[in-house]
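First to last, the protein sequences are chains A and B.
Per my numbering, residue 1 is the first one in the first sequence, and the count goes up by one each step.
Per my numbering, residue 1 is the first one in the second sequence, and the count goes up by one each step.
Below is one structure, written out as structure tokens; comments come after it.
2 protein chains.
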Amino acid sequence: MLNFNFYNPTHIVFGKDRLSELATLVPKNAKVLITYGGGSIKKFGTFDKITEALQGFEIFEFGGIEPNPQLNTCIKAAELIKENNIDFILAVGGGSVLDATKYISIAAKYEGDDYTSLIKHGFSPIPVEEAVPFGSVLTLPATGSEMNAFSVISHETGKYGIYSPLFYPKFSFLDPTLTYTLPKKQVANGIVDTFIHVVEQYITFPVDARFQDRTAEGILQTLVEIGEQTLNNPEDYDTRANFMWCATMALNGLIGSGVPQDWSTHMIGHEFTAKFNIDHGRTLAMVLPSLLRERKDKKEAKLLQYAERVWNITEGTSDKRIEAAIQETEKFFNRLGVATKISDYEIQKEELKDIVSQLESNGMVALSETGDLTLDVTERILENAY
Amino acid sequence: MLNFNFYNPTHIVFGKDRLSELATLVPKNAKVLITYGGGSIKKFGTFDKITEALQGFEIFEFGGIEPNPQLNTCIKAAELIKENNIDFILAVGGGSVLDATKYISIAAKYEGDDYTSLIKHGFSPIPVEEAVPFGSVLTLPATGSEMNAFSVISHETGKYGIYSPLFYPKFSFLDPTLTYTLPKKQVANGIVDTFIHVVEQYITFPVDARFQDRTAEGILQTLVEIGEQTLNNPEDYDTRANFMWCATMALNGLIGSGVPQDWSTHMIGHEFTAKFNIDHGRTLAMVLPSLLRERKDKKEAKLLQYAERVWNITEGTSDKRIEAAIQETEKFFNRLGVATKISDYEIQKEELKDIVSQLESNGMVALSETGDLTLDVTERILENAY
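Set out below in structure tokens:
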């Protein structure tokens, strides 16, 4: 097992009908900014429940945060906070609203004149000392942003992963019933995103980290068990609850502690979203299978473990078992309605080179857990994924 | 899945050779009290490493905290803190030192004249608002106290479980190499204690909490895989690291979130420790198998799941599979050198009634996840465990 630090102070409030507890967790007398996305929280009554729970607080609102939230949108919210001396932000939505709110929380305390400077530190801590505290009400399980300190912000043609210890929400409300009204496509994307978050912390090389491996496998098994069911029966509380809790646990630091990690699929996928505006989860599904095939020698031991423990594949040569496990993964994504080939989208084969160029210009020239997934390898992965 | 709250702000620093980082986590200029037990931390050099890491801090020390720490011992440490205006406590040891330190942390801020009043709230939050902050360097994996807000304090003939949100350590250092010098018996006790912590949050009745179940099973499988190995090869880093991390994860709130819990075995076991001074882990091992047999109707679904997923037992009638799983559990404890019968200790059968009387006088008259494990049932469990 590798050395690690684990620290995660977000207070999770999980379950149905608990929004009335919001007032006990928002600081007394705070001026509260509610951040949200396209307005479905108003359409389905969540906004009303929240403002009712927060009676007596002075409430501001900032809607219109887009999927893949834009820096310029966030800056507007930050300025609103500065102008009104707002003390607390309540993010209501999915990963995009959470991620935007994280950036807003530090931008609102930023006194310089170059907001873009805050997104250019990669996953090193952003050098800021203060943030407006925030909590969340999650409506879309997928990114894990509700219980981690990461965010991804889009600006011009780039997607910027950022990190700060100030980015842990003070609290997150996880109410599975708030997800009942989600479009099926978003649920499918969320399941795939969660699945691949786990894979990227799990299918690397073995370091004898048994709790982490078993827990990762437990999440994968659960997603396979409940994926289609929660897609097709959105109001089945328990399957939705299991999906929601797995999504949070997949990316809150737990299964990634003390193990190598390989975020190549995410890095490559981000470039597809930036260029073609394809949903994040879908970009991952079209890259991962080909990446696993390309890297099967590096990942052999964990791929075999994955085959056996997640898919119960124990017969045949190593190569056959690995290929069977990758095919099961593809079939699972396909059953959720998520394509696993780049050619399933309106992308020309010649455009794959543009993705490689984007990676190069963003400095993503040596990805993976071993740092040797170079651009020529990426190009081969993409060609085979087409 | 049941509704739940999950909150755990302890910062874990896991791995070898990291004690030099202590100075970055102890508050600057703090006067630090180091609490410890019987002195093995001095014998094996840990104390020296810690004081070296804390050069420049004013250090006090309080040793001699006994297993099953006594209220009166803790009060002495609290008075030392008051007299010297100490700002921070560093607990160095296992569960007893941690548990004592938790009580000390609030007793040192207590201004009343009845220290016993602080231990009489059961697992309701102790009504105090302030504690001396503390961190820990763990040397014995077992109780999970390094990452939870519980403590057990002994006073006169009783053991008192207590709880406060102030009881989360600010940080805990988990260095597997610090456990290499532990007596074999203590390691065996720790493995059994960890195993049974998991069982008490897992073998109850099903509520479709899949992440929690899979994670619980993962810890149990890991303990079975590495138990004997870490007992017999104390300096095998990875097995010791896996044991240490499992022990922490077994009782930090994670696997118990959203599921019923049955702490009967602990409650009954405490009375054996109070009366006969038998090691905590050992009291659990002699109660659990009989309790599972007695309660197999209430726990049937989870016992069958346990049989299948932990022990790979899938053949035969329900009764046979359950009995086989319980026998595997006994054999596992026995292989660790831990007895599973009360008659293996110097206890007369007539004395079992005293245990039941103790439970009664401590109000433990309706234990279990369903609240129907009454004293007559307990008596039968004990008779069958003899």
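Built from N, CA and C at the ideal position, the CB exists for glycine as well.
Chain-order list of residues whose beta-carbon lies under 8 angstroms from that of residue i (same chain, five-residue window excluded)
| i | result |
| --- | --- |
| B:Ile226 | Thr239, Asn242, Phe243 |
| A:Asp389 | Not covered by the structure: residue 389 of chain A. The range shown for chain A is 1 to 386. |
| B:Lys120 | Tyr160 |
| A:Lys16 | Asp175, Pro176, Thr177, Tyr237 |
| B:Lys109 | Val128, Glu130, Ala131, Val132 |
| A:Ile153 | Pro69, Gln70, Leu71, Cys74, Asp99, Ala100, Tyr103, Ile119, Lys159, Tyr160, Ile162 |
Euclidean distance between Cα positions of residue i and residue j
| i | j | result |
| --- | --- | --- |
| B:Gly112 | B:Trp263 | 32 angstroms |
| B:Pro127 | A:Ile191 | 43 angstroms |
| B:Gly129 | B:Arg321 | Checking the displayed sequence, the identity of residue 129 of chain B turns out to be Glu instead of Gly. Cα-Cα distance, rounded: 50 angstroms. |
| B:Leu90 | A:Ser105 | 34 angstroms |
| A:Asp279 | A:Ile313 | 31 angstroms |
| B:Ala107 | B:Val187 | 30 angstroms |
| B:Tyr386 | B:Leu292 | 14 angstroms |
| A:Glu379 | A:Ala274 | 17 angstroms |
| A:Gln358 | A:Ile347 | 15 angstroms |
| B:Leu303 | A:Ile342 | 46 angstroms |
| A:Thr143 | A:Asn232 | 21 angstroms |
| A:Leu146 | A:Glu52 | Checking the sequence, you will find Glu at residue 146 of chain A rather than Leu. Answer to the nearest angstrom: the Cα atoms are 22 angstroms apart. |
| A:Ser124 | B:Ala78 | 41 angstroms |
| B:Gly371 | B:Leu251 | 21 angstroms |
| B:Asn72 | B:Gly63 | 14 angstroms |
| B:Tyr163 | B:Thr157 | 20 angstroms |
| A:Lys298 | A:Pro206 | 10 angstroms |
| A:Gly94 | A:Thr248 | 12 angstroms |
| A:Arg295 | A:Lys331 | 20 angstroms |
| A:Lys82 | A:Lys31 | 12 angstroms |
| A:Lys388 | A:Ile65 | Any question about residue 388 of chain A goes unanswered here, given that chain A covers just 1 to 386. |
| A:Gly122 | A:Glu350 | 29 angstroms |
| B:Pro27 | B:Phe134 | 10 angstroms |
| B:Thr404 | B:Cys246 | For chain B, the structure presents residues 1 to 386; residue 404 of chain B sits outside this window and is missing. |
| B:Ser151 | B:Tyr168 | 10 angstroms |
| A:Thr374 | A:Glu360 | 10 angstroms |
| B:Ala339 | B:Gly269 | 14 angstroms |
| A:Arg281 | A:Ala301 | Note on identity: in this sequence residue 281 of chain A is Gly, with Arg being the wrong assignment. In a straight line, the C-alpha of A:Gly281 is about 26 angstroms away from that of A:Ala301. |
Boundaries (first-last residue) of the beta strand (DSSP E) holding residue i
| i | result |
| --- | --- |
| B:Ile424 | Outside the displayed span of chain B (1 to 386) sits residue 424 of chain B, for which this structure offers no information. |
| B:Tyr110 | Neither: B:Tyr110 is in no beta strand (DSSP E) and is coded neither H nor E. |
| B:Val32 | 31-35 |
| B:Gln91 | Looking at the sequence provided, one finds Ala at residue 91 of chain B rather than Gln. Its beta strand (DSSP E) spans residues 88-93. |
| B:His155 | 150-155 |
| B:Phe134 | 134-138 |
| A:Leu174 | 171-174 |
Contacting residues, own chain, Cβ-Cβ under 6 angstroms from residue i (five flanking each side not counted)
| i | result |
| --- | --- |
| A:Ala209 | Met1, Gly258, Val259 |
| A:Ile41 | Phe47, Val92 |
| B:Phe14 | Leu174 |
| B:Leu166 | Ala131 |
Residue i - containing alpha helix (DSSP H), residue span
| i | result |
| --- | --- |
| B:Ala216 | 210-232 |
| B:Ser264 | 264-276 |
| A:Lys159 | Run containing A:Lys159: none in the alpha helix (DSSP H); it sits in the beta strand (DSSP E), 158-163. |
| B:Leu375 | 375-385 |
| A:Leu54 | That residue, A:Leu54, is in no alpha helix (DSSP H); it is neither H nor E in DSSP. |
| B:Phe332 | 318-335 |
| B:Arg18 | Run containing B:Arg18: none; DSSP gives neither H nor E here. |
| A:Tyr306 | 300-311 |
Same chain only: Cβ atoms within 7 angstroms of residue i, ignoring 5 sequence neighbours per side
| i | result |
| --- | --- |
| B:Pro67 | Ser96 |
| B:Gly464 | No answer is possible for residue 464 of chain B: it lies beyond the span of chain B, which begins at 1 and ends at 386. |
| A:Ala216 | Val198, Gln201, Tyr202, Ile255 |
| A:Phe272 | Ile278, Thr283, Ile355 |
| B:Asn85 | Lys31 |
| A:Ile115 | Here residue 115 of chain A is Tyr; the residue named in the question, Ile, does not match the sequence. Counting only Cβ-Cβ distances below 7 angstroms, and skipping sequence neighbours, we find Leu71, Ile75, Ala107. |
Are the stretch 168-186 of chain A and the stretch 5-21 of chain A in contact at 8 angstroms, needing three or more beta carbon pairs? yes
Would you call the stretch 178-196 of chain A and the stretch 22-31 of chain A touching, i.e. three or more CB-CB distances under 8 angstroms? no
Listed in chain order, which residues of the stretch 235-249 of chain A have Cβ atoms closer than 7 angstroms to some Cβ of chain B? Asp238, Ala241, Asn242, Trp245, Cys246, Met249
Measuring CB atoms only, is the stretch 36-56 of chain B touching the stretch 133-145 of chain B, in the sense that at least three cross pairs come out at less than 8 angstroms? yes
For the structure I just gave you, are there three or more beta carbon pairs, one from the stretch 319-336 of chain B and one from the stretch 363-376 of chain B, closer than 8 angstroms? no
For the stretch 185-211 of chain B, which residues have a beta carbon sitting closer than 9 angstroms to at least one beta carbon of chain A? Val207, Asp208, Ala209, Arg210, Phe211
Under 8 angstroms: do the stretch 206-223 of chain B and the stretch 201-217 of chain A share three or more Cβ pairs, one atom per stretch? yes
Below 9 angstroms between beta carbons is the criterion; list the residues of the stretch 217-230 of chain B that meet it against any residue of chain A, in chain order. Glu217, Gly218, Ile219, Gln221, Thr222, Glu225, Ile226
According to a CB-to-CB cut-off of less than 9 angstroms, which residues of the stretch 9-20 of chain A neighbour chain B? Pro9, Thr10, His11, Ile12, Val13, Phe14, Gly15, Lys16, Asp17, Arg18
At a CB distance below 9 angstroms, what residues from the stretch 249-265 of chain B approach chain A? Give them in sequence order. Met249, Leu254, Ser257, Gly258
Near-chain A residues of the stretch 325-337 of chain B (beta-carbon distance less than 7 angstroms), N- to C-terminal order: none
Compile a chain-ordered list of the residues in the stretch 372-384 of chain A whose CB is closer than 9 angstroms to at least one CB of chain B. none
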